[in-house]
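In full-length UniProt numbering, the protein residues as written are 1 to 393. Where a beta carbon is used, it is the ideal one built from N, C-alpha and C, also for glycine. So the structure is just underneath, and the comments pick up after that.
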Amino acid sequence: MPLVHMKDLLNHAYEHGYAVGAFDVVSLEFVEGVMAAAERSRAPVILSLAESHLEHYDFELLMSGVEAAARRSAVPVALHFDRGANLEAAVRAIRLGCNGVMVDASQSTFSDNLTHTKTVVEMAHACGVPVEGDLGYIPDAEDMDAQRRPATLPYTTVAEAKGFVERTGVDFLVVSIQAEQICPNGKAKLDIQRLRSINQALGIPLAIHCRTRLDDDQFRRLIVHGVAKINYFTALAEAANAAIRARAKSSPGAGYLDLVQDVGAAISAEAERCMRVWGAAGRAAEVLACCRPWAFVEHLIIHNVMGISEKEVTAMMIEGQQTLSTIPGVRSVITGKAMRERAQYRYCWRVRFAAPEVINSYHEHPDYVAFTNRRFRPVADREISIDYAMEGL
């Protein structure tokens, strides 16, 4: 089960001087292509789902496929939710299986970014999930001049990076060290000295969002100075587009399945190229040896009731499912009744936690406390509660 803790994964990359690709996936072709590349090159990998892409697919359905691909993989995988809109989006992402999150407040004021990020960190860390902060900068239309070149862009400064990390407690940080994030002609300009200073001040894995073409030497220089996570999508999408266009040109009138026939291979080739350039290839075994497996917890309760009818029991269980399933770190709540009426215990609850850390935060959550004190404990009889760490698939 090589779904591993994302913090362990990136700390290993940071300490050993390579970078892990966080490849945004938008379909099963992307998932299959990236995972095939990771398997061939024996590289750790991060499958990333970005808030900005959610209009193009059903998040819950794709996450099911992404998590299944990670759990059956032979190489270490982490699942990341990228650029979430708010705290609620991060809570949902963890519930659906992500074990790394980032809520993007980088275009807010520094103070607002700090406040929003700290709130996410407090929630996610209580679920055992690491958080990526963002002091990067992505230009929009208002930042562009008449020639469609970006105006002067703000860099991440050492002082703000240090203050941000200390006050929020983020585990990784996206930084802006590119003079031109959008560069129609030629390659992007990088402020490596700034990156070096930030890395020396922080000592945590750094990340970049790669939206422009960088050559192999530029990538290596980034990695030498602390970049351990490279968020990558644009070039994968371009490879997919090129494969579809080539098929359409060679086979006029081709149907959908024929048009997308080469998409997975094209994505896989580009992802593998990156894994090798970034130094992740061949690292799978050593990463698996030092990373904690990411395993969920089953919180099981069996009990009887006293003083209420069967109808009232059903209503209490429905309310409990609705209330408890919204607590951060809870992946699902299922209730059941014994098939034999004379069973020693008539009722059961199965609450799935994202990670062991949720055990404490769940029992301390005000919604849990209110529900159990008001609805459950007054009627529960001979209650037995056990937490199980689950292994295997």
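Span of the alpha helix (DSSP H) around Tyr-362: Looking up residue 362 in the sequence shown gives position 362. From DSSP, the alpha helix (DSSP H) with Tyr-362 extends over 358-364.
What would DSSP say about Thr-335, mapped onto helix, strand or coil? Residue 335 sits at position 335 when you count from the first residue of the sequence shown. If DSSP states are grouped into helix, strand and coil, Thr-335 belongs with the strands.
Residues near Val-91 in its chain [Cβ-Cβ closer than 7 Å; skip 5 each side]: By one-based count along the sequence shown, residue 91 stands at place 91. Met-123 and Pro-328, listed in sequence order.
Which of helix, strand or coil does DSSP assign to Ile-230? Taking the sequence shown and counting its residues from 1, one reaches residue 230 at position 230. Looking at Ile-230 - three-state DSSP - the assignment turns out to be strand.
Can you say whether Val-305 is buried or exposed, counting buried as having 16 or more other CB atoms within 10 angstroms of its CB? Walking along the sequence shown from the start, residue 305 turns up at place 305. Burial call: buried.
Apart from the five residues on each side of it in sequence, which residues of its chain come closer than 7 Å, Cβ to Cβ, to Ser-52? For the purposes of this step, residue 52 is taken as residue 52 along the sequence shown, with counting starting at 1. Contacts found: Arg-83.
Starting from Glu-383, follow the beta strand (DSSP E) in both directions and report where the run begins and ends. Locating residue 383 in the sequence shown gives position 383, counting from the first residue. Counting along the chain, the beta strand (DSSP E) containing Glu-383 begins and ends at 380-389.
Would you decide whether Met-339 is buried or exposed? Buried here means 16 or more other CB atoms lie within 10 Å of its CB. If you number the sequence shown from 1, residue 339 lands on position 339. Looking at its Cβ environment, which holds fewer than 16 other Cβ atoms inside 10 Å, Met-339 is exposed.
Could you pull out every residue in the same chain whose Cβ sits closer than 7 Å to the Cβ of Ala-284, ignoring the five residues on either side in sequence? Your numbering for residue 284 matches position 284 in the sequence shown. If we look at Ala-284 and ignore the five residues flanking it on each side, its Cβ neighbours are Arg-42, Ala-43, Pro-44, Val-75 and Pro-76.
Kindly indicate which three-state DSSP category Ser-48 falls into: helix, strand or coil? Position 48 of the sequence shown holds residue 48. Looking at Ser-48 - three-state DSSP - the assignment turns out to be strand.
Give, in chain order, every unbroken run of the alpha helix (DSSP H) that is at least 4 residues long and sits entirely within the segment 30-82. 59-71
Pick helix, strand or coil for Ser-176, following the three-state DSSP scheme. For the purposes of this step, residue 176 is identified with residue 176 of the sequence shown, where counting begins at 1. If DSSP states are grouped into helix, strand and coil, Ser-176 belongs with coil.
Counting C-beta neighbours from all protein chains within 10 Å, is the total for Ala-105 16 or more, i.e. buried, or is it exposed? In the sequence shown, the residue the question calls residue 105 occupies position 105. It is buried - the Cβ of Ala-105 has at least 16 other Cβ atoms within 10 Å.
Which residue from Gln-322, Pro-252 and Gly-163 puts its Cα closest to that of Thr-349? For the purposes of this step, residue 349 is taken as residue 349 along the sequence shown, with counting starting at 1. The question names Thr, but residue 349 is Trp in the sequence shown. Out of Gln-322, Pro-252 and Gly-163, Gln-322 has the C-alpha closest to the C-alpha of Trp-349.
Buried or exposed, going by whether 16 or more other CB atoms sit within 10 Å of the CB of Glu-341? On the sequence shown, position 341 is the one that residue 341 refers to. Result: exposed.
Which residue from Gly-307, Ile-208, Ala-240 and Ala-237 puts its Cα closest to that of Gly-226? Reading the sequence shown from its first residue, position 226 is the one you call residue 226. Taking only the C-alpha atoms, the option nearest Gly-226 is Ile-208.
Among Asn-231, Val-297, Leu-300 and Val-66, which residue has its Cα nearest to the Cα of residue 395? The shown model of the chain, from 1 to 393, leaves out residue 395, and the question about it has no answer.
Could you tell me if Leu-3 is buried or exposed, where buried requires 16 or more neighbouring beta carbons within 10 angstroms of its beta carbon? As a working note, residue 3 is residue 3 in the sequence shown. By the neighbour-count rule (16 or more Cβ atoms within 10 Å), Leu-3 is buried.
Nearest residue (CA-CA) to Ala-89, options Glu-310, Glu-67, Met-316 and Thr-117: In the sequence shown, residue 89 corresponds to position 89, counting from 1. The shortest C-alpha separation from Ala-89 is found at Thr-117.
Suppose contacts are defined by Cβ-Cβ distances below 8 Å. Is Tyr-362 in contact with Phe-376 by that definition? Against the sequence shown, residue 362 aligns to sequence position 362. Against the sequence shown, residue 376 aligns to sequence position 376. Cβ distance not < 8 Å, so Tyr-362 and Phe-376 don't count as in contact.
Bridge-paired residues (DSSP) for Asn-304: In the sequence shown, the residue the question calls residue 304 occupies position 304. Bridge partners of Asn-304: Asp-381.
So for Glu-132, helix, strand or coil by DSSP? In the sequence shown, counting from the first residue as 1, residue 132 sits at position 132. Glu-132: strand per DSSP, three-state reduction.
Assuming Val-66 contacts Val-25 (C-beta within less than 8 Å), just tell me the rounded distance between them. Taking the sequence shown and counting its residues from 1, one reaches residue 66 at position 66. Taking the sequence shown and counting its residues from 1, one reaches residue 25 at position 25. About 7 Å separates the two Cβ atoms, so the contact holds.
Please classify Val-25: does DSSP put it in a helix, a strand, or coil? By one-based count along the sequence shown, residue 25 stands at place 25. It is coil, neither helix nor strand.
Between the CA atoms of Leu-28 and Ser-250 - distance to the nearest angstrom: The count along the sequence shown starts at 1 and reaches residue 250 at position 250. The count along the sequence shown starts at 1 and reaches residue 28 at position 28. If you take the alpha carbons of Ser-250 and Leu-28, they lie about 24 Å apart.
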